[in-house]
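**Student:** Chains as they are written, first to last, in this note's numbering: chain A, 7 to 328; chain B, 6 to 309; chain C, 8 to 257. We put the beta carbon where it would ideally sit given N, CA and C, even for glycine.
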Amino acid sequence: MKHLLSAAILLALFIALPFIADAVGQSSLMILGARMLAYAIAAASLNLILGYGGMVSFGHAAFFGVGAYVVGILAYHAGGDPLLGFIPGTNQMLITLPVAMIVSGLVALVIGALSLRTGGVQFIMITLAFAQMLFFFFVSLTAYGGDDGLIISRTNALFGLNMRNRMTLYFVTLVIAVLFFLVLWRIVHSSFGGILAGLRQNERRMSAMGIPAYRYKLVAFVLSGMGVGLAGALEANLLRFASPDMMHWIKSGDLIIMIILGGVGTFFGPIIGAAAFMLLEFYLAGWTEHWPLILGAILLVVVLGTKGGIGGLISRLTGGRT
Amino acid sequence: MILVIEQLLNGLQYGVMLFLMAAGLTLIFGIMGVINLAHGALYMVGAFVGTWVATETGSFWLGLPAALVAAMVTGVVVEALVVRRLYARDHLDQVLATFALILIFNQLVVLIFGRQPVFTPMPELFSGSLEILPGLFYPMYRLLIIATGLVVAIGLYLLINRTRVGMLVRAGATNRDMVRALGVDIRLLYTLVFGLGALLAGLAGYMTGPILSVQVGMGEQILLATFVVVVIGGLGSVKGALVAGLGLGIVDTMLRAFLPTLLLHFMEPSDAQAVGVGVSAMGIYLLMAIVLLFRPKGLFPAEG
Amino acid sequence: MSAILQIEGLVKRFGGLTATDHVTLDVREGEIHALIGPNGAGKSTLINQLCGELVSDEGTIRLAGTDVTQRPETDRIGMGLGRTFQIASLLQESTVRENVGLAVQAHVGHNMRLFDRRMARRDVWTEADAMIAESGLHGRGDTLVSDLSHGEKKQLELIMALAGNPRLLLLDEPMAGLGQFESQRMIEQLGALRGKFSMLLVEHDMDAVYALADRISVLVYGRVIMTGTAEEIRESAEVREAYLGAEEDV
């Protein structure tokens, strides 16, 4: 019941957002709102392994960037030369988003297969390093803009909708986000989700129950990568741009911060965290160029001073348990 | 041939830097179980403060102690205020808190020193080149860095294997509880180790100054390479940090120096340049992937 | 009676230390076989070798006739091995019911189902609830594991091992740290399982060992110095000397 209520409130807020933006005459807020949704998807995907599965990946921005580049590269080849001589480009969203998820998932399969051979601190460092490797890969990919990134001339098309209209684009993003969170809900509460939560709490016990930890963690890692890839693909559509900066390791840190702000291992936490982070960035960055200083200070206080992030704070203030 | 030897030496010099960074990072992890993302920030602090003093006084040698002291004091303060609270926390909290420190330090440096890159003045004594082989003139300053690194390596070896503090450090790396059981003032030991790691980072940062520019973000660049060194060398192993540091330094430098030219035989010049630079930047990470396939715990995994 | 577990010449070395030194013993179908020995004799090492957490340096382990020496832990569990941990190793943040449910689920299978409703799986939860109701944790299903007493955690350890419906149970000191009353109850519970499961029981509590064991093996410095009935062990001068002598060293 409580979850249903949280979902209803969040959904109502996100439905109201563009109308409020329209009313106050700041339609740029719609893009900000849509990007909040994209980052909410990314943070929630990371939370699947970090919060539910206990795997601290510091390289998930890699999948964000891969998702964005899939959209960018497919759009680049749309109507022109096929990619690698045989893959036709496209700017149909119904194709680009699934492809972005598949490609991110494949990349996650390779990175996860290697990284999950270790654990703990090594896992953190290795995921970070692999993301950095991909960062350099795209920097050197001069055919697609290299360092400067790749400009996408048109937002992906969907059912003949006018995607230039910000309101339309916003609601398309919202529908995708809602679908995503429905699927994620099912995964978290599935048999697989139970095993994953067990692995976080006690891997040794799970092995003694006959559960091969590596296989389950790898599946979770791939699912997580696919979700972040979807988010990256959406971001590329919203910004009409893909660049190596999207997979910079600071971005990986941002995703973790969003989870922390919202509350680790809670279902709605990453949504709240992503929204809070984006608002913070939007207003602080407008106010001072030294906003990372403030962000750092807030983060330090949250980590050292509280347990459970904003979500935990709210539930403690309201006397409830998450 | 001369070019190859020159690049080998360059690689060795970069490897020494990586070792200085990795030694501190791996010791801090080995003994306290803390992953410190802000290690690169200490490197940056050493570089900036040292360079500032050197520029103001006009003497490289006055900048050196300033860099060391600044990095060490910063390290000790950070340990006392933040890291100390993280020993009992999980890795996620450690990563986040030290990530926050990076954000804070980077902005503080921007506020104090600005965004413009600065250069550390070269010490005059070492500004020339030395003919180390017939026809091969090599910058003396880079030789100084290599020598410094080797001296530090020997010093650390003696410290760890021949002194009481070293004994505790070794014991701590294998069994943290045992050190506590010995009735040692564990807080002091932790602070000492953290300070030592910070000092080495500051040394590396300052020594890099005359070669590369000193600027915000310099810490993160080397931090990522340092992580690769630590992972390949084996978490907690100073020996691993030395072997992997020098090895990676050489591999990285050789790739950057020769891969683009090598690729010219196979592709267009402009492509060869771009692909060569890209692949060589990825080189150490690919190497890490290969090592992990065969040795998931690195080359010299700490016992226990 | 055929043997469910056959160990031959099993060795594990840690650096210079030989923790288990050519251990040979067997557990017959339906038997409770106790393994006793002073601290540091290598009992826990042996358990970890048997379940596959440690890779053995030499020797063979046969489970129901199949050589599993090189097989990973999860394979062995799948072939009918179940274990308890000396120091309770549970899912601390979860309730008793979730712990047992997960153990049942792990055994029943379909663990890779991504989109089912876990809480609606009758096959899992009926079984889990029945197991809790029959146990000493009756009525404690919704308690968080971190709020359980030491004795209750030991109980839960046993239930979770049984949830895998194993043919052979490896019990690593199930009485350790229990009070007299709790020990007695654990002895009765294990006694009630006699015949249904074969057990290798590592235990210090000699009352429990004498009450339960069909046969006893004595492990000293990594070697099995004797295997026999309670009577034979009790009367063996060799055992008394080696065991008690070693005990005094500790």
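How many whole angstroms separate the CB atoms of I193/A and L121/C, which I take to be in contact at a CB cut-off of 8 Å?
**Tutor:** Contact holds; Cβ gap of about 5 Å.
**Student:** To be precise: take each residue of the region 95-106 of chain A, compare its Cβ to all Cβ atoms of chain C, and keep it if any distance is under 8 Å. Which residues remain?
**Tutor:** Within the region 95-106 of chain A, no residue qualifies.
**Student:** Check for me: the beta strand (DSSP E) holding K19/C runs from which residue to which?
**Tutor:** Here the beta strand (DSSP E) through K19/C covers 10-21.
**Student:** Run down chain A in chain order and give the residues with a C-beta less than 8 Å from the C-beta of Q112/B.
**Tutor:** Within chain A, the residues near Q112/B are H296, P298, L299, G302.
**Student:** Restricting to Cα atoms, I'd like to know which of A209/B, T213/B, Q220/B is closest to Q121/B.
**Tutor:** Of the candidates A209/B, T213/B, Q220/B, the one whose C-alpha sits nearest the C-alpha of Q121/B is Q220/B.
**Student:** Examine chain A for any beta-carbon lying closer than 8 Å to the beta-carbon of K244/B, and answer yes or no.
**Tutor:** Answer no: the Cβ-Cβ gap between K244/B and chain A never drops below 8 Å.
**Student:** Tell me the DSSP bridge mates of I93/A?
**Tutor:** In DSSP, I93/A forms a bridge with L89/A.
**Student:** Taking 8 Å as the threshold, find out whether the region 255-265 of chain A comes into contact with the region 21-38 of chain A through three or more Cβ pairs.
**Tutor:** No: fewer than three Cβ pairs fall under 8 Å.
**Student:** Per DSSP, E65/C forms a beta bridge with which residues?
**Tutor:** V18/C.
**Student:** How many Å lie between R247/C and V111/C at the Cα?
**Tutor:** Spanning the two alpha carbons is a distance of roughly 42 Å.
**Student:** State the start and end residues of the unbroken beta strand (DSSP E) segment that holds L88/C.
**Tutor:** Looking at the DSSP string, the run of the beta strand (DSSP E) that includes L88/C is 88-91.
**Student:** Name the chain C residues that come within less than 8 Å of I117/A, Cβ to Cβ?
**Tutor:** Those do not exist, as I117/A stays about 20 Å from chain C at its closest Cβ, beyond 8 Å.
**Student:** Got a sec: is the Cβ-Cβ distance from V308/A to anything in chain C below 8 Å?
**Tutor:** Judged by the 8 Å Cβ criterion, V308/A is not in contact with chain C.
**Student:** Taking DSSP's pairing of strands, which residues face S224/C in a bridge?
**Tutor:** Its beta-bridge partners are L42/C, T234/C.
**Student:** Looking at chain D, which residues of the region 74-97 of chain C have a Cβ within less than 7 Å of any of its Cβ atoms?
**Tutor:** The structure shown contains no chain D; its protein chains are A, B and C.
**Student:** What whole-angstrom Cβ distance do G86/A and A237/A have, given they're in contact under 8 Å?
**Tutor:** In fact, because the Cβ distance is near 27 Å, the residues do not count as touching under 8 Å.
**Student:** Within the region 93-172 of chain B, note down every full alpha helix (DSSP H) run reaching 4 residues or more, in order along the chain.
**Tutor:** Entirely contained in the region 93-172 of chain B, the alpha helix (DSSP H) runs reaching 4 residues are, in chain order, 96-118, 145-167.
**Student:** Just to confirm, is the Cβ distance from F198/A to S12/A under 8 Å?
**Tutor:** It is not a contact, given that the beta carbons lie outside the stated cut-off.
**Student:** Which chain B residues sit within Cβ distance under 8 Å of R206/A?
**Tutor:** None at all; the shortest Cβ gap to chain B is about 11 Å.
**Student:** Is DSSP giving L298/B helix, strand or coil here?
**Tutor:** Here L298/B sits in helix by DSSP.
**Student:** Is there contact between the region 10-29 of chain B and the region 143-160 of chain B, where contact requires at least three CB pairs shorter than 8 Å?
**Tutor:** Touching, per the Cβ criterion.
**Student:** Taking D136/C as part of the alpha helix (DSSP H), name the residues at either end of that continuous run.
**Tutor:** It spans 129-141 - the alpha helix (DSSP H) in which D136/C sits, taken as one unbroken run.
**Student:** Interface residues of chain B around T148/A at Cβ under 8 Å?
**Tutor:** Neighbours of T148/A on chain B, chain order: S275, D276, A279.
**Student:** How would you call P139/B, buried or exposed, if buried means at least 16 neighbouring beta carbons within 10 angstroms?
**Tutor:** Exposed is the call here.
**Student:** Using the C-alpha atoms, what's the distance from G49/C back to V87/B?
**Tutor:** V87/B and G49/C: Cα-Cα distance of roughly 42 Å.
**Student:** I'd like the span of the alpha helix (DSSP H) that includes A14/A, first residue to last.
**Tutor:** Note, A14/A: alpha helix (DSSP H), 8-29.
**Student:** When DSSP labels each residue in this structure, what does A183/C get in the three-state scheme?
**Tutor:** Coil at A183/C, not helix or strand.
**Student:** Within a Cβ cutoff of 7 Å, which residues of the same chain sit near E310/B, ignoring the five residues on either side of it in sequence?
**Tutor:** Past the edges of chain B, shown from 6 to 309, lies residue 310/B, and the structure says nothing about it.
**Student:** Can you find a CB in chain A that lies within less than 8 Å of the CB of R90/B?
**Tutor:** It does: the Cβ of R90/B has a partner Cβ on chain A nearer than 8 Å.
**Student:** What does a CB cutoff of less than 6 Å around D123/C pick up in its chain, not counting 5 residues either side in sequence?
**Tutor:** Correct list: empty, nothing qualifies.
**Student:** Just list the residues that DSSP pairs F204/C with in beta bridges.
**Tutor:** Bridge partners of F204/C: R201/C.
**Student:** Nearest CA to the CA of L208/B: which residue from G303/B, A46/B, R169/B, L193/B?
**Tutor:** Taking only the C-alpha atoms, the option nearest L208/B is A46/B.
**Student:** Can you tell me whether P45/C is buried or exposed, with buried defined as 16 or more other CB within 10 angstroms of its CB?
**Tutor:** Answer is buried; the Cβ neighbour count reaches 16.
**Student:** Buried or exposed for V257/C, going by 16 or more other Cβ atoms inside 10 Å?
**Tutor:** Low local confidence applies: a pLDDT of 35 at V257/C is under 50, so the model's placement there is unreliable, with the coordinate-based value given in what follows. Classification for V257/C: exposed.
**Student:** Is it buried or exposed for K335/A, if we count other Cβ within 10 angstroms and need 16 for buried?
**Tutor:** No answer is possible for residue 335/A: the residues shown for chain A start at 7 and end at 328.
**Student:** Using a Cβ-Cβ cutoff of 7 Å, what residues of the region 116-138 of chain A are near chain B? List them in chain order.
**Tutor:** Under the 7 Å Cβ criterion, the region 116-138 of chain A contributes L120, R123, T124, G126, V127, Q128, I130, M131, I132, L134, A135, F136, Q138.
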